[in-house]
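Below: the structure, in structure tokens.
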Amino acid sequence: MKRVVIIGGGIAGLATAYSLCTAETAGTGLEIIILEAKKRAGGHIQTETEDGFIVEGGPDCFISEKPWAMALCRKLGLGDKLLPTNDRLRKTYVLSRGRLHELPEGVILMIPTKIMPLALSTLISTKGKLRMLLEIFIPKRKDKSDESLGDFVRRRLGAEVLDKIAEPLVAGIHAADPDTMSVRSSFPKFVELEEQYGSLIRGMVRRMAQFKKHAAAKNTGSGKKMTMFVTLRDGMQELIDTLVEEIKNKGVKIRTDTAVKGIEKTKDRRLRLTLNKGRNILADAVVIAAPAHAASCLVEGLDKGLSQKLGEIAFTSTATVTMAFKKKDLRTPLTGFGFVVPRSEGRGIMASTWSSVKFDGRAPEDSVLIRCFVGGAKSGHLLDLNDKEMTDMVRGELRDILGITAEPLFTRIFRWMKAMPQYTIGHEERVAEIEAKTAENPGLFLTGSSYHGIGIPDSIHGGEITAKKILSLLSE
Ligand SMILES: Cc1cc2nc3c(=O)[nH]c(=O)nc-3n(C[C@H](O)[C@H](O)[C@H](O)COP(=O)(O)OP(=O)(O)OC[C@H]3O[C@@H](n4cnc5c(N)ncnc54)[C@H](O)[C@@H]3O)c2cc1C
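Below you can see the structure in the form of structure tokens.
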């Protein structure tokens, strides 16, 4: 029986195992083992419940437009548990000059699709609005080389949009610096829109119309309204728990608390993994579904060049700090999904999600749940704060920005060290080189959010593609 060992029990590793054990050709009989360093599977996906609150430590949702996460949920029988965002309450604010301003309705990521809300917005100056609208007339870039997101936004929409919208949104999603990020790898859609329509605004308006049509058709079928972001009723952990149960039922072995230390080739062309606790395990195929920095250490003895290339992918650290409050203790009700904070405001938090407004069932009726993001590309040092200092800092920010002076009912801090891969300029070429070098090591595969998309749907899709490659290799 051939043995596949998957290193890392995050969503990418679990999705790889699921695809392997449910593939039509799986009947050939594979032994599939997942080795996970931590005491639990799930990686960044971690939900905790406390007194009727649902607290997400890592991701709180996924994008529905990329179909792979929705499809996996449905295959796992979680279709009825999919929970849309409360879009009737959808509003995002941006902190500017110490005050919250509503992100104009119709601004998708940073692209305006509606004139009136933009015209009435207090966020952007008149000059900035005119510059934004000028985008329609700016010719597309002829040079096909990679470009930073910062340069791309300055070129197409102007510096004010970069400062007040793009930079804080990107900090919230990627914990990244737009001036080092590759636009092609981080926001391929933007490059595609420029390429196809010659303008982001024109392209986004067309795409939105198509999305609405598509969503309407789907909603008619299921009776459930689909939104751009969705989660699961009992939290994202439900996806992990169901997936783990399903693959275990299909014979996949999951060994937690088992860190892999290194990989080497054997004389009979198999791979030998050294584990903590001084043990070894042999495999016919090995999938490294751990982040690139961990993969770099794992392959050091196997392939120095590959190890070095993997080490070139940078990561930032981030923390989520969630606080619960009684509604009556808030001076003003929370009316929206939260706010983002431009770096130029000089604050300690990057963004804040009002979780109990964004999704139903995140807090009891009389309470609210607020989650703040700390750290990222420019403020990684804040992760050094101890829990008390971090709590005090976040409480200070909520007092200054939202006027909340009440003691939180509870606070939960999750620290994610070297967790967010940075798709910096040249990422696509770097990944191509990594993949070419990986292919020189038969039986070795890499997957996960370090390479082809940082979100959950991409991580699942990557796992599915990896499973196909393994099955093809092992059937040779
Ligand atoms: C705070 C935060 C918020 C996020 N929000 C969202 C969101 O709302 N929506 C979204 O789509 N995405 C979001 N993401 C990104 C999302 O979490 C990732 O895309 C996804 O979880 C990556 O999964 P993965 O399996 O590639 O990696 P991971 O989840 O990092 O899993 C890798 C696993 O490998 C294990 N491992 C590492 N080294 C070893 C070793 N040597 N031996 C054995 N095991 C090892 C680790 O312990 C870990 O469990 C967020 C990320 C963070 C940090």
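Mapping the sequence shown onto my numbering, position 250 (from 1) lands on 1594, and the numbers just tick up by one. The beta-carbon is built from N, C-alpha and C at its ideal position, and this holds for glycine as well.
- Taking the CA atoms as reference points, MET1694 sits about 36 Å from GLU1589.
- By the beta-carbon neighbour count (other beta carbons within 10 angstroms, threshold 16), LYS1702 is buried.
- Excluding residues up to 5 positions away in sequence, LEU1654, ILE1657 and SER1794 lie with their Cβ nearer than 6 Å to the Cβ of ALA1636 in the same chain.
- When the beta-carbon positions are compared, ARG1500 and ILE1482 come within less than 8 Å of each other.
- For HIS1445, the uninterrupted beta strand (DSSP E) segment begins and ends at 1443 to 1446.
- Where ASN1593 is concerned, the enclosing alpha helix (DSSP H) starts and stops at 1581 to 1593.
- About 15 Å separates the beta carbons of LEU1790 and ILE1804, which is beyond the 8 Å limit, so they are not a contact pair.
- Spatial neighbours of LYS1594 in its own chain (CB-CB distance under 6 Å, excluding positions within 5 residues in sequence) are listed in chain order as CYS1365.
- Taken in chain order, the complete beta strand (DSSP E) segments of 3 or more residues contained in the stretch 1470 to 1535 number zero; there are none.
- Residue state for GLU1777 is assigned as helix, using DSSP reduced to three classes.
- For the stretch 1737 to 1762, not one full-length beta strand (DSSP E) segment reaches 3 residues or more.
- Judged by their CB atoms, ARG1347 and ASP1647 are not nearer to each other than the 8 Å cut-off.
- Comparing alpha carbon positions, the residue from PHE1758, ARG1614, LEU1422 and LEU1379 closest to GLU1582 is LEU1422.
- For GLY1807, the enclosing alpha helix (DSSP H) starts and ends at 1800 to 1818.
- In the structure shown, PRO1461 falls within a helical segment according to DSSP collapsed to helix, strand and coil.
- Annotated three-state conformation of LYS1653 is helix, per DSSP.
- Between the stretch 1505 to 1520 and the stretch 1762 to 1771, the count of C-beta pairs closer than 8 Å reaches three or more; the two stretches touch.
- Taking all protein chains in view, the Cβ of ASP1744 is surrounded by fewer than 16 other Cβ atoms within 10 Å, so the residue is classified as exposed.
- Judged by DSSP in its simplified three-state form, PHE1555 adopts helix.
- When DSSP states are grouped into helix, strand and coil, SER1711 belongs to the strand group.
- At least one heavy atom of ligand 1 falls within 7 Å of the beta-carbon of GLY1402.
- ILE1509 is positioned such that its CB atom lies closer than 8 Å to that of VAL1451.
- 8 Å or more divides the Cβ of GLY1396 from the Cβ of GLY1354.
- Contact between GLY1606 and GLY1645 holds: their C-beta atoms lie close to 5 Å from each other, under 8 Å.
- In the DSSP assignment, ILE1632 falls outside any alpha helix (DSSP H) and lies within the beta strand (DSSP E) extending over 1629 to 1632.
- Assignment of GLY1542 by DSSP, reduced to helix, strand and coil, places it in the coil class.
- PRO1786 is the residue among ILE1398, PRO1786 and LYS1671 whose C-alpha sits nearest the C-alpha of VAL1630.
- A distance of 8 Å or more separates the beta carbons of ARG1475 and GLU1446.
- Excluding five sequence positions before and after MET1460, none of the CB atoms of its chain fall closer than 7 Å to its own CB.
- Taking non-hydrogen atoms of ligand 1 into account, the C-beta of TRP1698 is found less than 7 Å away from none of them.
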